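Start counting the sequence shown at 1; every next residue gets the next number (the UniProt record's numbering). For glycine and all other residues, C-beta sits at the position ideal for the given N, C-alpha and C. Everything numeric in this text was worked out from a predicted model, so none of it was measured. This report refers to the structure that appears directly beneath it.
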Amino acid sequence: MKAVVIRTFGDPDGLEVVDLPVPVPAPGQVRIATEAIGVGGVDAVIRRGTLAAHGFREGHLLGSEVAGIVTAVGEGVDASWVGRRVWAFTGLSGGYAEQAVAAVQDVLALPDGLTGTDAVTLGGSGVVAHYALDRARFTPGETVLVRGAAGSIGITAIQLAARNGAGAVAVTTSSAERGARLRDLGATHTLDRSGESGPDTPAGFDIVIDVVAGPQLPLFLDKLNPNGRYVAVGVVGGQPPADFGMRLVDAFRRSWSFATFSSDTVPCPDRQAVRTSQFADAAHGDLRTVVHEVLPLDQAVLAHHEMDAGNVFGRIVLTP
Ligand SMILES: NC(=O)c1ccc[n+]([C@@H]2O[C@H](COP(=O)([O-])OP(=O)(O)OC[C@H]3O[C@@H](n4cnc5c(N)ncnc54)[C@H](OP(=O)(O)O)[C@@H]3O)[C@@H](O)[C@H]2O)c1
């Protein structure tokens with residue numbers, strides 16, 4: 001089968017299309033003939049070699065979420081899965097391929113009306129958006145700032161905050177054109193990447209959901225209202241300054257909270273329950289997914305160049 005591996009860490013040209021044996025599902029796994037493969041920010045981080053210390057090696061087969069048809073099951077898995085259209089989390093490898101394997105607890109049947117492309121745009125990121133707001137103890141009427149809103153986590157977070165009655169849903173973004181698109185999804189105010197905004201924007205926010213982190217994180221901590229909650233879910237802008245925690249301590253009379261959130265810490269059945277509900281909403285048009293572009297699997301290099309250039313609004317999807 002055709003697959004895309006990291007030949008050399010670094011820029012996208014280090015990715016290579018190769019022929020690999022079709023994987024055999026291990027006990028507890030299913031094999032999926034992929035129709036849609038999500039391309040996420042974490043794939044770029046692995047490709048650059050940033051996570052080499054965590055065991056990622058050259059030769060790694062990228063990709064963590066796919067949709068397609070189950071073609072085989074491993075020992076202990078109900079054979080009725082074969083032939084079903086599913087979404088699956090493949091871990092942090094194995095997705096950029098014509099056939100992928102996944103543990104059956106990470107597989108979800110797709111509802112009618114939801115395309116594989118939409119499923120891989122929402123499947124992983126929607127859960128992060130849901131739990132980020134949950135961990136922030138969001139309640140209706142509160143003001144929310146989504147930092148790095150133009151990716152699939154942010155796009156879902158905007159919609160969830162808006163439909164659950166947020167007092168304001170502000171976003172950071174890099175252009176007026178992107179700001180207009182985010183307003184169309186439910187954002188009420190736009191800030192630039194440094195947090196500058198128009199005069200009508202709230203001076204402070206009850207909640208910040210941050211996909212970016214990076215050196216400017218402290219600027220956004222300062223935007224919290226008293227009792228405000230900051231939830232960091234991504235690092236697309238790199239690591240924050242090592243001493244950013246001092247900002248929290250120095251501002252202790254404002255009673256801020258800072259949390260990180262990873263969906264790895266949510267029990268699998270809970271993740272799947274949220275995903276099931278979001279897939280149903282998306283199938284009914286009640287939750288929008290934004291697909292930047294659909295490219296053939298063998299153009300994964302182009303997909304990664306687009307990501308690195310900052311051109312992607314929503315998510316790129318590969319198809320074999
Ligand atoms: N917590 C979890 O469980 C979990 C799960 C999966 C992934 N993740 C993490 O989530 C992140 C990817 O999320 P995503 O796919 O939604 O994001 P994304 O599409 O990679 O990026 C979102 C937006 O951030 C803005 N941005 C990019 N670089 C920036 C910078 N240097 N400074 C300021 N803004 C910048 C860009 O928008 P503008 O150009 O409009 O500013 C971009 O469209 C990764 O860090 C990944 O590791 C976390």
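Quiz prompt | Contacts around GLY179, its chain only, beta-carbon distance under 8 Å, and the 5 residues preceding and following it disregarded | solution = Hits under 8 Å: VAL171, THR173, ALA187, THR190.
Quiz item: So does THR173 have its beta carbon nearer than 8 Å to some heavy atom of ligand 1?
Solution: Yes, the beta carbon of THR173 sits closer than 8 Å to at least one heavy atom of ligand 1.
Quiz item: In whole angstroms, what is the alpha-carbon distance linking SER80 and LEU287?
Solution: Pairing SER80 with LEU287, the inter-Cα distance amounts to about 29 Å.
Self-check item: Cβ neighbours of ARG47 in the same chain (closer than 6 Å, five flanking residues each side left out)
Solution: If we look at ARG47 and ignore the five residues flanking it on each side, its Cβ neighbours are ILE6.
Quiz item: Does DSSP put SER80 in a helix, a strand or coil?
Solution: Here SER80 sits in helix by DSSP.
Quiz item: Cβ-heavy atom distance between ARG183 and ligand 1 below 8 Å?
Solution: Flag unset: Cβ of ARG183 not near ligand 1.
Quiz item: From the beta carbon of ASP11, is the nearest beta carbon of chain D less than 9 Å away?
Solution: The chain inventory of the structure shown lacks chain D, comprising one protein chain alone.
Exercise. Under the assumption that VAL107 contacts ALA88 (Cβ atoms under 8 Å), give the Cβ distance between them as a whole number of angstroms.
Key: The C-beta separation of VAL107 from ALA88 comes to about 5 Å, placing the pair in contact by the 8 Å criterion.
Practice problem: Check whether the Cβ atoms of ARG315 and VAL274 sit closer than 9 Å, and answer yes or no. | Solution: No, the pair does not count as a contact, with Cβ atoms beyond the cut-off.
Practice problem: Tell me whether residue 329 sits in a helix, a strand or coil according to DSSP, three-state version. | Solution: Absent from the structure is residue 329, since the part of the chain shown begins at 1 and ends at 320.
Quiz item: Given 8 Å as the limit, is there contact between the stretch 66 to 73 and the stretch 21 to 31, that is, 3 or more CB pairs closer than that?
Solution: Segments in contact, yes.
Quiz item: According to the Cβ coordinates, are TYR96 and LEU62 closer than 9 Å?
Solution: The beta carbons of TYR96 and LEU62 sit closer together than 9 Å.
Practice problem: Could you tell me how far apart the beta carbons of GLU142 and GLY167 are, in whole angstroms, since I believe they sit closer than 8 Å? | Solution: Contact flag correct, Cβ pair sits at about 6 Å.
Quiz item: Quick one: what's got a C-beta closer than 6 Å to HIS305's C-beta in the same chain, skipping five residues either side?
Solution: The residues PRO12, in chain order, have a CB closer than 6 Å to that of HIS305 in the same chain once the five nearest residues on each side in sequence are set aside.
Exercise. State the DSSP-derived secondary structure class of GLU293, mapped to helix, strand or coil.
Key: Here GLU293 sits in strand by DSSP.
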